[in-house]
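Worksheet: one structure, shown below.
In full-length UniProt numbering, the protein residues as written are 1 to 390.
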């Protein structure tokens with residue numbers, strides 16, 4: 001009798017565990033198939049990133065002391081040492097992703113200038129003192145001294161690069177799911193022209209993790225919701241910006257190699273986006289033939305100069321890419337039977353270089369990198385492998 005009870009209990013426990021596993025897999029599948037554009041909930045705090053105190057000098061926005069072990073928000077630019085993080089999240093507001101207030105005011109951040117900026121009032125340099133002084137707007141990037149602040153206009157026009165920015169008063173958010181995650185529900189165009197917003201798409205792990213630095217840098221200049229990390233969001237979801245802004249042409253900056261660019265182009269085709277967005281490339285890693293042919297360079301490394309990149313995009317010339325869509329439908333004939341038609345496969349091909357020995361080298365390297373035995377992410381090692389295959 002005891003054995004029967006134990007057996008029955010074991011069966012119930014096994015059934016319970018199996019039910020939990022199945023429910024979890026179904027939940028994850030639903031989450032993967034959702035067609036929403038996610039947005040970060042800034043009410044939960046800033047988007048903190050660790051500060052490299054050996055390379056950068058920063059002062060805490062709460063206690064104003066020199067930071068030895070601390071963080072900075074890559075969206076608005078405030079800094080905090082570890083002990084002041086909770087207070088910073090509660091007292092210092094982050095860059096708003098969406099707002100109902102159409103009267104946009106400057107969002108002033110005190111001190112911690114990334115470089116020396118001229119004051120918008122007196123033209124003298126700001127951010128030169130070794131202390132938490134002077135102010136910078138995290139939207140228009142204008143700077144001013146404390147004593148010049150009263151002479152600045154209260155209204156923010158988003159500055160020199162406003163045609164790239166989706167203003168927060170143009171965005172409507174809504175909550176979805178059990179946990180109430182925020183997603184972008186609607187986007188209205190701003191009252192000024194020209195306006196062709198820039199959507200930055202990249203993987204923070206690309207280019208020996210240089211992609212992370214690129215995404216962080218652009219969050220400080222654009223609306224943070226415009227920066228899409230492919231490690232968290234599928235390209236189809238990130239490209240929903242183009243669907244929401246259907247009456248304007250979006251610009252897409254793809255930070256990555258040819259594989260990432262191809263992934264984004266395939267997603268654009270699958271979504272049937274109209275009008276087609278304009279694609280810009282910030283080459284990371286080693287496989288950058290497409291970027292080199294289109295004039296975006298062979299590789300981007302070092303400090304991310306966002307202003308220089310935005311100026312390059314503004315001056316760029318529109319070029320059409322020879323892109324092929326190939327449908328393959330295999331038909332197998334069996335004796336005395338009708339031909340068997342198998343499901344067709346669709347392939348996309350970008351025709352921009354050649355199909356010779358260089359393509360073979362690129363293919364061999366791609367297969368090596370996709371292998372489960374590939375353990376290297378260093379650019380120097382990747383170039384050495386390319387040399388071996390060549």
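From the three backbone atoms N, C-alpha and C, an ideal C-beta is built for every residue, glycine too.
Rounded straight-line distance, which links the Cα of residue j to that of residue i
{"i": "residue 253", "j": "residue 140", "result": "20 Å"}
{"i": "residue 267", "j": "residue 276", "result": "12 Å"}
{"i": "residue 128", "j": "residue 116", "result": "7 Å"}
{"i": "residue 228", "j": "residue 281", "result": "14 Å"}
{"i": "residue 17", "j": "residue 236", "result": "34 Å"}
{"i": "residue 321", "j": "residue 255", "result": "18 Å"}
{"i": "residue 239", "j": "residue 176", "result": "19 Å"}
{"i": "residue 105", "j": "residue 155", "result": "5 Å"}
{"i": "residue 86", "j": "residue 224", "result": "21 Å"}
{"i": "residue 273", "j": "residue 251", "result": "13 Å"}
{"i": "residue 95", "j": "residue 329", "result": "51 Å"}
{"i": "residue 143", "j": "residue 344", "result": "58 Å"}
{"i": "residue 216", "j": "residue 114", "result": "13 Å"}
{"i": "residue 33", "j": "residue 271", "result": "Since pLDDT at residue 33 reaches only 45, below the 50 mark, its modelled position is unreliable, and the value read off the structure follows with that caveat. Rounded to whole angstroms, residue 33 to residue 271 spans 14 Å at the Cα level."}
{"i": "residue 305", "j": "residue 164", "result": "16 Å"}
{"i": "residue 316", "j": "residue 212", "result": "25 Å"}
{"i": "residue 101", "j": "residue 168", "result": "9 Å"}
{"i": "residue 64", "j": "residue 99", "result": "29 Å"}
{"i": "residue 242", "j": "residue 196", "result": "11 Å"}
{"i": "residue 118", "j": "residue 59", "result": "20 Å"}
{"i": "residue 367", "j": "residue 52", "result": "36 Å"}
Exposure label - residue i; buried when at least 16 CB within 10 Å
{"i": "residue 19", "result": "exposed"}
{"i": "residue 174", "result": "exposed"}
{"i": "residue 131", "result": "exposed"}
{"i": "residue 324", "result": "exposed"}
{"i": "residue 288", "result": "buried"}
{"i": "residue 172", "result": "exposed"}
{"i": "residue 286", "result": "buried"}
{"i": "residue 327", "result": "exposed"}
{"i": "residue 120", "result": "buried"}
{"i": "residue 158", "result": "buried"}
{"i": "residue 310", "result": "buried"}
{"i": "residue 293", "result": "exposed"}
{"i": "residue 424", "result": "For the chain, the structure presents residues 1 to 390; residue 424 sits outside this window and is missing."}
{"i": "residue 210", "result": "buried"}
{"i": "residue 123", "result": "exposed"}
{"i": "residue 54", "result": "exposed"}
{"i": "residue 300", "result": "buried"}
{"i": "residue 92", "result": "buried"}
{"i": "residue 77", "result": "buried"}
{"i": "residue 346", "result": "exposed"}
Residue i CB to nearest heavy atom of the ligand NAP below 7 Å
{"i": "residue 153", "result": "Here there are no bound small molecules, and the ligand NAP is not part of this structure."}
CB contact flag (residue i, residue j, <8 Å)
{"i": "residue 62", "j": "residue 43", "result": "no"}
{"i": "residue 257", "j": "residue 284", "result": "yes"}
{"i": "residue 183", "j": "residue 36", "result": "yes"}
{"i": "residue 189", "j": "residue 170", "result": "yes"}
{"i": "residue 46", "j": "residue 83", "result": "no"}
{"i": "residue 200", "j": "residue 222", "result": "yes"}
{"i": "residue 265", "j": "residue 348", "result": "yes"}
{"i": "residue 40", "j": "residue 97", "result": "yes"}
{"i": "residue 111", "j": "residue 125", "result": "no"}
{"i": "residue 137", "j": "residue 108", "result": "yes"}
{"i": "residue 230", "j": "residue 207", "result": "no"}
{"i": "residue 198", "j": "residue 226", "result": "yes"}
{"i": "residue 38", "j": "residue 71", "result": "no"}
Backbone secondary structure at residue i - three-state DSSP
{"i": "residue 50", "result": "strand"}
{"i": "residue 305", "result": "coil"}
{"i": "residue 61", "result": "coil"}
{"i": "residue 169", "result": "helix"}
{"i": "residue 280", "result": "strand"}
{"i": "residue 255", "result": "strand"}
{"i": "residue 74", "result": "coil"}
{"i": "residue 143", "result": "strand"}
{"i": "residue 164", "result": "helix"}
{"i": "residue 29", "result": "Because residue 29 carries a pLDDT of 48, less than 50, the predicted location of this residue cannot be relied on, and no value is offered for it."}
{"i": "residue 296", "result": "coil"}
{"i": "residue 206", "result": "helix"}
{"i": "residue 200", "result": "strand"}
{"i": "residue 179", "result": "coil"}
{"i": "residue 91", "result": "helix"}
{"i": "residue 268", "result": "helix"}
{"i": "residue 134", "result": "coil"}
{"i": "residue 313", "result": "helix"}
{"i": "residue 38", "result": "strand"}
{"i": "residue 118", "result": "strand"}
{"i": "residue 195", "result": "coil"}
{"i": "residue 228", "result": "strand"}
Residue i at chain D interface by Cβ criterion, 8 Å
{"i": "residue 275", "result": "Any reference to chain D falls outside this structure, which holds one protein chain only."}
For residue i, the residue or residues it bridges with in DSSP
{"i": "residue 324", "result": "349"}
{"i": "residue 108", "result": "137"}
{"i": "residue 155", "result": "105"}
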